[in-house]
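As given, the protein sequences belong to chains A and B, one line each in that order. Counting from 1 along the first sequence, just add 1 to a position and that's the residue number in the numbering used here. Counting from 1 along the second sequence, just add 1 to a position and that's the residue number in the numbering used here. Glycine residues also receive a C-beta, built at the ideal position from the N, C-alpha and C atoms.
2 protein chains.
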Amino acid sequence: MHRFTFVSKLLRQGTTIVSEKEEGLASHKLLLQSGILSVSSPGTFVLSPIALRVVDKLIAFIDYKMSEVGGQKCLFPTLGRSQLWVRSGRWEKFGGEMFRLKDRVGRSLCLQPTHEEEACEFVSNLDIGNSVLPLRIYQISSKFRDEIKPRLGLLRCREFLMKDMYSFDLDVRAAEKTYDALSNAYSDIFRTLRLPVLKVAAEGGLMGDCPSHEFHCPLPVGEDTLSVCPSCNEAILAANADSRMCPDCGLDRQTFKSIELAHCFLLGDKYTSNFNVKTTTQNGRKILQMGCYGIGVTRLLAAALEHFTASLVKENPPKELRWPSGFAPYSGAIALQKDNARDALSTDELNGVLAHFMELPSTSNSPTSGSTFFAGLLPRGDILVDDRPRLTLGRKLLDLRRLGVPWILIVKSRKGSVNSEYELVDVNRGGISFTASLDDVVAAFTRYDFQIPLPDICDHQYSRLWHENDTCR
Amino acid sequence: MHRFTFVSKLLRQGTTIVSEKEEGLASHKLLLQSGILSVSSPGTFVLSPIALRVVDKLIAFIDYKMSEVGGQKCLFPTLGRSQLWVRSGRWEKFGGEMFRLKDRVGRSLCLQPTHEEEACEFVSNLDIGNSVLPLRIYQISSKFRDEIKPRLGLLRCREFLMKDMYSFDLDVRAAEKTYDALSNAYSDIFRTLRLPVLKVAAEGGLMGDCPSHEFHCPLPVGEDTLSVCPSCNEAILAANADSRMCPDCGLDRQTFKSIELAHCFLLGDKYTSNFNVKTTTQNGRKILQMGCYGIGVTRLLAAALEHFTASLVKENPPKELRWPSGFAPYSGAIALQKDNARDALSTDELNGVLAHFMELPSTSNSPTSGSTFFAGLLPRGDILVDDRPRLTLGRKLLDLRRLGVPWILIVKSRKGSVNSEYELVDVNRGGISFTASLDDVVAAFTRYDFQIPLPDICDHQYSRLWHENDTCR
Numbered sequence: 002m003h004r005f006t007f008v009s010k011l012l013r014q015g016t017t018i019v020s021e022k023e024e025g026l027a028s029h030k031l032l033l034q035s036g037i038l039s040v041s042s043p044g045t046f047v048l049s050p051i052a053l054r055v056v057d058k059l060i061a062f063i064d065y066k067m068s069e070v071g072g073q074k075c076l077f078p079t080l081g082r083s084q085l086w087v088r089s090g091r092w093e094k095f096g097g098e099m100f101r102l103k104d105r106v107g108r109s110l111c112l113q114p115t116h117e118e119e120a121c122e123f124v125s126n127l128d129i130g131n132s133v134l135p136l137r138i139y140q141i142s143s144k145f146r147d148e149i150k151p152r153l154g155l156l157r158c159r160e161f162l163m164k165d166m167y168s169f170d171l172d173v174r175a176a177e178k179t180y181d182a183l184s185n186a187y188s189d190i191f192r193t194l195r196l197p198v199l200k201v202a203a204e205g206g207l208m209g210d211c212p213s214h215e216f217h218c219p220l221p222v223g224e225d226t227l228s229v230c231p232s233c234n235e236a237i238l239a240a241n242a243d244s245r246m247c248p249d250c251g252l253d254r255q256t257f258k259s260i261e262l263a264h265c266f267l268l269g270d271k272y273t274s275n276f277n278v279k280t281t282t283q284n285g286r287k288i289l290q291m292g293c294y295g296i297g298v299t300r301l302l303a304a305a306l307e308h309f310t311a312s313l314v315k316e317n318p319p320k321e322l323r324w325p326s327g328f329a330p331y332s333g334a335i336a337l338q339k340d341n342a343r344d345a346l347s348t349d350e351l352n353g354v355l356a357h358f359m360e361l362p363s364t365s366n367s368p369t370s371g372s373t374f375f376a377g378l379l380p381r382g383d384i385l386v387d388d389r390p391r392l393t394l395g396r397k398l399l400d401l402r403r404l405g406v407p408w409i410l411i412v413k414s415r416k417g418s419v420n421s422e423y424e425l426v427d428v429n430r431g432g433i434s435f436t437a438s439l440d441d442v443v444a445a446f447t448r449y450d451f452q453i454p455l456p457d458i459c460d461h462q463y464s465r466l467w468h469e470n471d472t473c474r
Numbered sequence: 002m003h004r005f006t007f008v009s010k011l012l013r014q015g016t017t018i019v020s021e022k023e024e025g026l027a028s029h030k031l032l033l034q035s036g037i038l039s040v041s042s043p044g045t046f047v048l049s050p051i052a053l054r055v056v057d058k059l060i061a062f063i064d065y066k067m068s069e070v071g072g073q074k075c076l077f078p079t080l081g082r083s084q085l086w087v088r089s090g091r092w093e094k095f096g097g098e099m100f101r102l103k104d105r106v107g108r109s110l111c112l113q114p115t116h117e118e119e120a121c122e123f124v125s126n127l128d129i130g131n132s133v134l135p136l137r138i139y140q141i142s143s144k145f146r147d148e149i150k151p152r153l154g155l156l157r158c159r160e161f162l163m164k165d166m167y168s169f170d171l172d173v174r175a176a177e178k179t180y181d182a183l184s185n186a187y188s189d190i191f192r193t194l195r196l197p198v199l200k201v202a203a204e205g206g207l208m209g210d211c212p213s214h215e216f217h218c219p220l221p222v223g224e225d226t227l228s229v230c231p232s233c234n235e236a237i238l239a240a241n242a243d244s245r246m247c248p249d250c251g252l253d254r255q256t257f258k259s260i261e262l263a264h265c266f267l268l269g270d271k272y273t274s275n276f277n278v279k280t281t282t283q284n285g286r287k288i289l290q291m292g293c294y295g296i297g298v299t300r301l302l303a304a305a306l307e308h309f310t311a312s313l314v315k316e317n318p319p320k321e322l323r324w325p326s327g328f329a330p331y332s333g334a335i336a337l338q339k340d341n342a343r344d345a346l347s348t349d350e351l352n353g354v355l356a357h358f359m360e361l362p363s364t365s366n367s368p369t370s371g372s373t374f375f376a377g378l379l380p381r382g383d384i385l386v387d388d389r390p391r392l393t394l395g396r397k398l399l400d401l402r403r404l405g406v407p408w409i410l411i412v413k414s415r416k417g418s419v420n421s422e423y424e425l426v427d428v429n430r431g432g433i434s435f436t437a438s439l440d441d442v443v444a445a446f447t448r449y450d451f452q453i454p455l456p457d458i459c460d461h462q463y464s465r466l467w468h469e470n471d472t473c474r
């Protein structure tokens with residue numbers, strides 16, 4: 002029965018909903034109120050089983066997209082030795098944002114906020130041949146920054162999950178090709194999540210001066226401001242805008258608050274020459290060209306959740322969570338009539354319904370089809386069965402909608418009737434009910450596969466911008 | 002082509018093998034020499050893509066076994082606030098083994114070496130109902146201990162991956178049932194890995210005095226010593242032995258060096274009363290009974306690797322790695338004839354061979370079958386294709402055997418011949434060659450599914466002990 006998660010057994014907030022003082026994100030308040038997230042210390046959180054399911058789906062999806070561009074996944078340590086950071090000059094430069102500590106014999110260590118130094122040292126020690134170039138290695142792991150003011154839930158944490166890729170290429174031209182490939186992969190990721198994201202030129206900041214681009218999701222609670230031309234859709238950071246006027250078409254640019262989700266850097270040989278990352282070519286030893294590509298995984302989750310929760314739910318403040326299609330913690334829910342009702346299910350009837358879902362997902366077994374299944378997106382436990390014995394169907398519907406489960410099948414006893422139609426609720430479209438066969442329900446529960454093109458259900462004001470802007474650099 | 006990993010593109014040690022000064026584990030030296038592991042600072046390592054594949058397989062398998070006992074996976078923060086640790090009395094008790102730091106405003110934090118305090122605080126805040134009991138929550142994450150002397154590679158690190166489960170039950174009897182269920186799940190895990198492991202009564206140590214058991218793998222390099230009766234097979238820690246004589250049968254116990262892989266604690270209400278972890282029952286509010294269950298994931302990997310490498314390979318010191326069945330980084334390899342040989346493959350021939358493996362694994366799609374596939378064990382990239390253009394088949398065989406790939410298919414051009422037989426090398430059985438059809442090869446590559454019972458290929462001196470001892474407490 003690993004196909005199912007039973008609500009009666011699911012770890013979640015046991016008390017009735019309490020008010021939360023947290024300001025800012027509507028979705029974050031809902032996460033806290035439902036116990037999906039729990040504050041540990043300022044800027045650190047416990048991810049409940051529900052939250053971790055979504056994070057794991059996102060990670061599996063990102064892994065899949067990284068494998069498409071030849072990404073090789075590894076794991077660097079969190080504890081970093083000061084020597085490497087001193088060598089790059091960033092031990093000083095990172096300042097108070099870096100968590101520092103000493104071990105029991107007095108050696109200086111840090112909790113690495115990023116891994117350029119470590120990646121260079123690792124690759125340099127391996128003394129790789131150039132057949133492995135372009136080399137694209139990445140990890141997904143906890144990162145640490147001592148934020149002055151952690152805020153907005155998962156948007157600005159002191160401990161967070163980040164995916165960071167480091168690329169090594171033989172020359173500048175090859176490094177630029179990697180930069181394009183990764184920028185496109187990032188755009189693909191945001192497009193698949195159906196998240197409006199704008200790519201903007203940026204400054205290198207703590208990475209050193211170098212070409213770089215950020216990916217921003219327009220959100221009213223955002224900490225950055227974008228300046229976007231309404232005609233040619235070109236976006237820049239408002240801080241970098243010389244005037245409000247678009248230089249190409251002369252129109253006034255519009256400003257939007259936004260959240261940075263990802264950052265690509267064309268680092269050149271700044272780190273590789275420092276750490277002596279070379280390979281042997283016909284013309285002797287050659288310093289490699291480096292790039293760095295980060296996505297804030299927990300931040301991406303928070304931004305997507307806020308975007309869909311705020312834009313798809315018509316209430317203000319919203320009372321129900323909305324996840325990106327295919328990335329809800331559960332693909333669907335089965336709400337059972339309560340035990341003492343006249344039309345309560347017998348054990349046989351319940352088993353008959355559940356048996357229909359046991360073999361899911363019965364997708365194509367081609368590994369190239371890019372289905373959620375092949376990307377390892379947790380087929381186990383993906384159907385939530387609301388089996389709470391004393392709760393009415395109405396109350397179950399309320400709870401499951403609040404959690405943002407996209408489809409809810411309502412199941413009552415048939416008392417031997419052969420009627421094979423059930424009520425299926427489409428939560429993302431405002432809770433519309435359909436009449437459906439169990440096969441229809443199976444199709445719906447597996448429909449939000451990330452590979453399947455869906456009609457655009459996003460009616461957000463920025464949506465018209467987000468498809469055009471992401472191929473240009 | 003995500004089914005395949007190409008050796009020419011795989012990040013690995015580029016130089017020829019260098020001698021390593023590292024003492025102790027033969028397998029660890031091989032890991033370092035091949036670049037599968039790389040030292041970052043004393044007791045911290047970079048896991049290369051090859052190493053991470055194995056770790057990810059182990060994690061997926063442990064997740065699967067935890068789901069069988071109702072485990073709910075979550076993620077606790079690494080940064081812990083001192084208050085919780087002061088409250089439990091362990092801020093002092095952990096002493097120098099705990100990494101401590103202060104944030105920019107001077108708050109004391111630690112890198113949590115374990116999460117009893119955090120788990121209690123989390124569950125207490127959720128105010129759970131008792132329908133979710135028995136509650137079994139766990140995480141798999143990096144843990145940190147400031148070891149005085151990190152040694153033996155992944156066996157004693159300062160940063161390592163640990164699976165830690167925390168259980169909450171309504172009463173002592175229920176907590177004991179959880180303890181039995183988890184102890185059995187642990188025995189299952191070691192049995193599936195075909196690793197000899199003995200369960201021994203232990204002391205609570207830093208957890209506080211409570212019933213506890215450790216799971217030990219006999220290894221000559223181990224830091225502990227077990228005393229085992231050769232007749233009744235009962236094992237105890239030598240440190241706890243009053244005499245060398247078995248109290249039951251009077252025989253002299255034998256001693257073995259061993260490594261602790263896992264530890265189960267029946268904590269009672271020591272932490273839950275401190276952190277007020279209660280639920281509401283008919284008789285009012287009731288303090289829950291807690292248990293704690295840890296497996297060192299990277300340590301388990303190291304112990305298994307050392308066990309199989311040292312015991313299955315007849316050379317001393319061994320020159321080839323051996324992984325537990327089903328948990329090698331790649332299920333099989335395809336070694337291609339070099340490009341300039343008379344029987345080099347044409348592109349069409351190569352594609353014809355690879356096409357045979359594209360649809361793998363074509364296993365049953367029942368989620369209850371417990372196949373590696375359904376446990377999410379990385380079907381992507383699981384077949385290594387040794388496509389290095391200038392390397393002879395002999396040299397490729399040497400390399401692939403050194404890496405411990407269990408099956409190697411040797412592929413040369415057929416020049417239009419319809420002979421459908423190939424040479425398949427069974428590395429785990431000492432490199433025996435078979436004549437096999439491609440369908441046989443597909444079957445071999447998918448054979449080391451953890452669910453499939455295999456004949457015992459373990460000829461280690463302790464093997465006869467390890468099946469009997471793991472059900473008793």
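Setting aside the 5 residues that flank it on each side, A:E321 is surrounded in the same chain by V314, R402, R403, G405, each with a C-beta closer than 7 Å to its C-beta; the list follows chain order.
Between A:C75 and B:S49, the C-beta spacing is below 7 Å. Between B:Q290 and A:L12, the CB-CB gap reaches or exceeds 7 Å. For B:Q283, there are no neighbours in chain A by C-beta distance under 7 Å, as the nearest C-beta there is about 15 Å away. Burial check for A:T447: the Cβ neighbour count within 10 Å reaches 16 or more, so the residue is buried.
Taking a Cβ-Cβ cut-off of 8 Å, the neighbours of A:E119 in chain B comprise S41, V47, given in sequence order.
In the three-state DSSP reduction, A:M99 falls in the coil class, being neither helix nor strand. As DSSP reads the structure, B:D349 sits in no beta bridge. For A:N131, the nearest beta carbon of chain B is not closer than 7 Å to its own beta carbon.
The Cβ of B:D128 sits closer than 7 Å to at least one Cβ of chain A. Nothing from the stretch 397-410 of chain A brings a Cβ to less than 7 Å from some Cβ of chain B. Nearest Cα to A:I190 within the set A:F216, A:E177, A:F169, A:K271: A:F216. Proximity of the stretch 244-251 of chain B to the stretch 61-68 of chain B falls short of the contact definition, fewer than three beta-carbon pairs being nearer than 8 Å.
Annotation: the continuous beta strand (DSSP E) that includes B:C293 extends over 290-297. Of B:R391, B:A311, B:L301, the smallest CA-CA separation from B:R343 is found for B:R391.
By the Cβ test, the stretch 288-303 of chain B is in contact with the stretch 159-173 of chain B, since at least three Cβ pairs between them sit closer than 8 Å. The Cβ atoms of B:Y423 and B:A444 do not sit closer than 7 Å to each other. Non-local beta-carbon contacts of B:S332 in its own chain, meaning distances under 6 Å to residues more than five positions away in sequence, involve D383, F446 in chain order. In this structure A:T226 is not in contact with A:K200, their Cβ atoms being roughly 16 Å apart against a cut-off of 8 Å. Residues are counted here when their Cβ sits less than 8 Å from a Cβ of chain A; for the stretch 148-162 of chain B these are I149, R159, E160, given in chain order. The beta carbon of A:E148 sits closer than 8 Å to the beta carbons of G44, E98, R157, C158, R159 from its chain, once the five residues preceding and following it are set aside; these are given in chain order. Ranked by Cα distance from B:T280, the options B:G431, B:N185, B:S125 are led by B:S125.
Annotation: A:I37 has no Cβ neighbours in chain B at a cutoff of 9 Å; minimum Cβ distance is about 10 Å. Using a 10 angstroms sphere on the CB of A:Q14, the tally of other CB atoms reaches 16 or more, which defines it as buried.
Non-local beta-carbon contacts of B:D388 in its own chain, meaning distances under 7 Å to residues more than five positions away in sequence, involve F7, V8, S9, L337 in chain order. The beta carbon of A:P50 sits closer than 7 Å to some beta carbon of chain B. With contacts defined by Cβ atoms closer than 7 Å, B:L439 and B:L425 do not form a contacting pair. Taking C-beta atoms under 8 Å as the contact rule, B:L112 and B:F145 qualify, at a distance of about 4 Å. Between A:R91 and A:A182, the alpha-carbon positions lie close to 28 Å from each other.
Residue contact check for A:G97 against chain B: a CB pair falls below 7 Å.
For B:F266, the uninterrupted beta strand (DSSP E) run begins and ends at 255-269, by DSSP. Using beta-carbon distances, B:L53 counts as an interface residue toward chain A, with a partner under 7 Å.
Interface flag for B:L102 against chain A is set, since a Cβ pair is found closer than 7 Å.
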